[in-house]
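Student: Structure provided below as structure tokens; questions to follow.
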Amino acid sequence: MSKRETKIKGWPFEKGERVELIWIGEPFKQNNKWMVNAYFNGIKYTRKVIVDWASVHFLVAEKYYVDGDLNNAEEPENSEVIDINLKGAKAKYMERDWNLWVNGSNNQTKSKTFSFFSNGELYTIPIIEIIRAVLAPSKFMLYRILETDSFDNYFTYDLDKRRLDMHFTYEYEQRLLKADKINHLAWLLTNISALKMFNKIGQNMWQLGELKFDFLLDNFNTRARVERKNNYTKILEILALKRKRINVEEINIYHPSLEETKGSNQAKIRKYVNKNSNSSRELTSEGDGSTKTSEEIDSSSIEHEYERLPQINKKKKGLRITRKVEDENTKKYVLEDDHLRTTADVGGEEVIRGLEFTSIDKVEEKGELAGFVEVLKLLEKRPNIKSVNIIIGELHEGRKGKKFARLSDGITRRKYAIGQVIMRDGREISLIDVEREDRALSMLVLNAKVKVNWRWVYNSLLIALVDESGKWSNKIIRNTEKMGIIICREKHINKKVMGIENALYKKLM
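What follows is the structure, given as structure tokens:
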């Protein structure tokens, strides 16, 4: 039985033409999103199709695709499915340049594979298949694997010999609390070799700009679709990862959505009805990002089999009242659906990790942060300052609560601003300010004399600020200072922009 159609918008081949996926390129940033080139070989031409990075869950080399439907690809005729046990086999990273004639021009890419030699047999597998099927079998994991230290935005964890406690933030979608997602996270966190592989991919993407990592798994036991010739086996697609071991007996889950639910006989205030919800989906790469509410599409048949499953306990706290009945006063809203979907990451430019600095001269801000913007504009005119950039965003809802993430009206999201000051001597200084509403909250001045992961610093400070109800975390500040960053607190005593700018400039110098 075929799966729901999930088609690429703007498919460049003739209707009904059967085309072969010959290679998947490296992820790259385009309009602040992670994208990837997929190369398809048709009857007359080879075409390069740009898709969102998470679309690799639909893409398998040497499969055949028709009319851009990624979810109903056909297997190659000369392939077969076998069980492969490469436990203890050492992997060798292989790389070679590859030129493809695409759209009338020469495209240079790289073939990257791992080779294993076991019992007189040579096995090869593309590194993208290890990422897609082994390390990051979900959209959430695919985007996290390209980042550095990004898990802190979504959860913290405590691990002992038999128990794993996971404390999730609001940024982690409730639907990702399913057992298969939690089990995979637990496998990753309790196996140091797998976690090292996962983290190295993000580090190399940011430091080297390419996918590159060592294969460190000792127990690599799979069921896969392969092509075989003599003593050579080419692994095309991993169908199952077998005998995964989670090294704890119990997992405790804490999430803001896990509340005690109590039914109410009061009528619902509103009801939402989806129109045409079962139609086919069309994938577009044009959106900035996805909404936080996503629908799941069966994008693969990868199974993850475990030696033993730990007990998962979802810890409930708080109380939520649900209305179960409707009456004549219940408003009904019909939700239109254009069937366009994206596999881009959640939030687009809303989330801190997805923001890019903007030149200060392009920014106009009203409200409490307007003074901060004016201070940065004055600093930019100083002769010892090379450039000044800014990020303005909204605070995350923290791990332990969300009250400070909103202003006193309980509705409006509280804004933060981060100023990036590049000095002529090469030093980089960051200024962090937040809407205070008369709170005694200082501006932070961060002066780095070494190269640091600024994104991690920003996220850690701002999430902890919400968790501690509007106070800068002394613990996070101490940890940040251990990285070689000098942090000063600038109190909001001087109300005049010129006076604030002059005091800050003295600190910068």
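First residue of the sequence shown? That's 928 in the working numbering, and the numbers climb one at a time after it.
No residue lacks a Cβ here, since even glycine has one placed at the ideal position from N, Cα and C.
Since Asp1087 is in the beta strand (DSSP E), which residue starts that stretch and which ends it?
Tutor: First-last for Asp1087: undefined, no H or E at that position.
Student: Quick one: what does DSSP say Thr1407 is sitting in, helix, strand or coil?
Tutor: Three-state result, Thr1407: helix.
Student: Can you tell me whether Trp950 is buried or exposed, with buried defined as 16 or more other CB within 10 angstroms of its CB?
Tutor: Buried, by the Cβ-count rule.
Student: If you count every other CB in all the chains shown that lies within 10 Å of the CB of Val1377, and 16 or more means buried, which is it?
Tutor: Counting Cβ neighbours within 10 Å, Val1377 comes out exposed, since fewer than 16 surround it.
Student: So what does DSSP say about Asp1336, is it helix, strand or coil?
Tutor: Three-state DSSP puts Asp1336 in coil, outside helix and strand.
Student: If you compare alpha carbons, which of Val1348, Phe1331, Lys1014 and Ile1338 is closest to Val1302?
Tutor: Minimum Cα distance to Val1302 is reached at Val1348.
Student: Are the CB atoms of Gln1238 and Glu1177 within a distance shorter than 8 Å?
Tutor: Going by C-beta atoms, Glu1177 is nearer than 8 Å to Gln1238.
Student: So which of Asp1087, Asp1076, Asn1080 and Leu1062 has the shortest CA-CA distance to Asp1141?
Tutor: Of the listed residues, the one whose Cα sits closest to Asp1141 is Leu1062.
Student: Taking Cβ to Cβ, would you say Lys1014 is nearer than 8 Å to Asn1148?
Tutor: Taking 8 Å as the Cβ cut-off, Lys1014 and Asn1148 qualify as a contacting pair.
Student: Tell me whether the beta-carbon of Arg1089 lies closer than 8 Å to the beta-carbon of Val1175.
Tutor: Yes, Cβ-Cβ distance for Arg1089 and Val1175 is below 8 Å.
Student: Considering Cα atoms alone, identify which of Ser1032, Glu1002, Asn999 and Ile1180 is closest to Asp1085.
Tutor: The candidate whose alpha carbon is nearest that of Asp1085 is Ile1180.
Student: At what residues does the alpha helix (DSSP H) containing Ala1121 begin and finish?
Tutor: Unbroken alpha helix (DSSP H) run through Ala1121: Ile1119 to Gln1134.
Student: DSSP three-state call for Glu941: helix, strand or coil?
Tutor: Of the three classes helix, strand and coil, the one that applies to Glu941 here is coil, per DSSP.
Student: Looking only at its own chain, which residues have a Cβ that is under 7 Å from the Cβ of Asn1380, when we skip the five neighbours before and after it?
Tutor: The answer, listed in chain order, is Thr1075 and Asp1076.
Student: Of the choices Asn1026, Lys1156, Lys1019 and Gln1035, whose alpha-carbon is the least far from that of Phe1041?
Tutor: It is Lys1019 whose Cα lies nearest to the Cα of Phe1041.
Student: Rounded to a whole number of angstroms, what is the C-alpha to C-alpha distance between Val1361 and Leu1392?
Tutor: Whole-angstrom Cα-Cα distance: 10 Å.
Student: Whose C-beta lies closer than 6 Å to the C-beta of Glu947 among residues of the same chain, with five residues either side of it excluded?
Tutor: Answer for Glu947: Asn968 and Tyr991, listed in chain order.
Student: Rounded to whole angstroms, what is the Cα-Cα separation between Arg1340 and Leu1368?
Tutor: The alpha-carbon atoms of Arg1340 and Leu1368 are separated by roughly 17 Å.
Student: Which of helix, strand or coil does DSSP assign to Arg1366?
Tutor: Correct three-state label for Arg1366: coil.
Student: Tell me which residues share the same chain as Cys1415 and place their Cβ nearer than 7 Å to its Cβ, disregarding the 5 neighbours each side in the sequence.
Tutor: Val1372 and Lys1434.
Student: Quick one: complete alpha helix (DSSP H) runs, 4+ long, within the stretch 991-1053?
Tutor: Qualifying alpha helix (DSSP H) stretches: none in this window.
Student: Less than 8 Å separating the beta-carbons of Ala1121 and Ile1173?
Tutor: It is not a contact, given that the beta carbons lie outside the stated cut-off.
Student: Go to Trp1114, then tell me how far its alpha helix (DSSP H) extends in each direction, as first and last residue.
Tutor: It spans Ala1106 to Leu1116 - the alpha helix (DSSP H) in which Trp1114 sits, taken as one unbroken run.
Student: Output the distance between the C-alpha atoms of His1094 and Pro1003, rounded to the nearest integer angstrom.
Tutor: Cα to Cα, His1094 sits roughly 44 Å from Pro1003.
Student: How about Ile1318 and Ile1345: are their beta carbons less than 8 Å apart?
Tutor: Taking 8 Å as the Cβ cut-off, Ile1318 and Ile1345 qualify as a contacting pair.
Student: Does the separation of the CB atoms of Leu1027 and Tyr966 fall below 8 Å?
Tutor: Contact flag set, yes.
Student: Are there three or more Cβ pairs, one per stretch, closer than 8 Å when the stretch 1156-1167 is compared with the stretch 1097-1108?
Tutor: Verdict: no, contact absent.
Student: By DSSP, does Phe955 sit in helix, in strand, or in coil?
Tutor: Here Phe955 sits in strand by DSSP.
Student: Mind checking Val1008: buried by the 16 CB within 10 Å criterion, or exposed?
Tutor: The residue in question, Val1008, is exposed, as its Cβ has fewer than 16 Cβ neighbours within 10 Å.
Student: Assign Ser1314 to one of three DSSP states: helix, strand, or coil.
Tutor: Ser1314 falls in the strand class under three-state DSSP.
Student: Can the beta-carbon of Tyr1099 be found closer than 8 Å to that of Tyr1070?
Tutor: Cβ atoms of Tyr1099 and Tyr1070: not closer than 8 Å.
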